[in-house]
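Residue numbers (the working numbering): 181 to 349. Where a beta carbon is used, it is the ideal one built from N, C-alpha and C, also for glycine. Please read all numbers here as calculations on a predicted model, not as lab measurements. First comes the structure, then the notes that go with it.
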Amino acid sequence: MKKLVTFVAAAFMLMGTCAFAEGYFSAEDQESITITEDLELEDGFVLHATAEKYMNFSKKPVHKTESGEEFNKALQLQGSGNLKVRSVSFPAKAGETITIYGNSTSKTDVRAIVVCGPDGKPFAELPMDIDGQAGTIASEGKVVAPADGTYTIYSKKSGINVYYIGVGN
């Protein structure tokens with residue numbers, strides 16, 4: 181009986197883990213390319229671009245997180261965006277945390293990543309610090325998803341390098 185209870189508890193924990201599996205996007209996993217049309221990636225992430233409002237993946241000097249993770253590739257948003265261009269959309273469930281690592285491409289100006297909810301309306305702005313030199317700490321922005329659905333992020337003004345977007349508990 182004790183083994184059965186342990187097995188059932190383990191099965192529920194495993195099922196719970198699958199139900200709330202994390203999704204993420206990392207520029208490290210991408211080839212260095214220019215994006216000129218919508219590009220679907222794993223875990224439901226979609227990059228939105230056109231020939232006129234393109235984005236690209238490129239190598240960058242190493243940027244680190246506070247926890248020591250390193251990035252040397254970035255999705256360059258190439259300017260301000262909106263729901264349709266120079267943006268990234270992805271699924272999230274209510275209560276999940278959306279984590280973004282990035283930096284402003286400016287050497288002098290902090291820039292904001294706009295986070296839009298499933299209704300298409302902005303509900304948060306995450307500041308991305310200026311880009312220093314190699315070894316610079318990547319800015320970390322976090323927000324909790326208020327509802328189930330598709331979220332979209334983009335730069336409010338001018339360029340931002342995005343290294344990673346993660347969704348999970």
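Answer with buried or exposed for ALA201, where buried requires no fewer than 16 other C-beta atoms within 10 angstroms of its C-beta. Here the model assigns ALA201 a pLDDT of 42, short of 50, so the residue's position is not dependable, and the following value carries that caveat. So ALA201 counts as exposed.
Is there contact between the segment 226-236 and the segment 258-270, where contact requires at least three CB pairs shorter than 8 Å? yes
Measuring straight from C-alpha to C-alpha, what distance separates LYS336 and HIS228? 15 Å
How should LYS239 be labelled, buried or exposed, when 16 other C-beta atoms within 10 angstroms of its C-beta is the threshold for buried? exposed
Can you have a look at GLY339 and say buried or exposed, based on whether 16 or more other CB atoms are within 10 angstroms of its CB? buried
Could you confirm whether any beta carbon from chain D is found closer than 9 Å to the beta carbon of LYS239? This model lacks chain D altogether, as it is built from one protein chain only.
Within 10 Å of its beta-carbon, does ASP311 have 16 or more other beta-carbons around it, so buried, or fewer, so exposed? buried
Excluding five sequence neighbours on each side, which residues of the same chain lie with their C-beta closer than 8 Å to the C-beta of GLY286? The amino acid at residue 286 is misidentified as Gly; the sequence shows Ser. Answer for SER286: ILE310, ASP311, SER338, GLY339, listed in chain order.
Looking at TYR344: is its Cβ nearer than 9 Å to the Cβ of THR279? yes
My parser needs the alpha helix (DSSP H) runs of 4 or more residues fully inside the segment 232-287; what are they? none
Exposed or buried, SER284, counting other C-beta atoms within 10 Å across all chains shown (16 or more means buried)? buried
Whole-angstrom distance between MET308 and THR288, CA atom to CA atom: 12 Å
DSSP three-state call for ALA207: helix, strand or coil? helix
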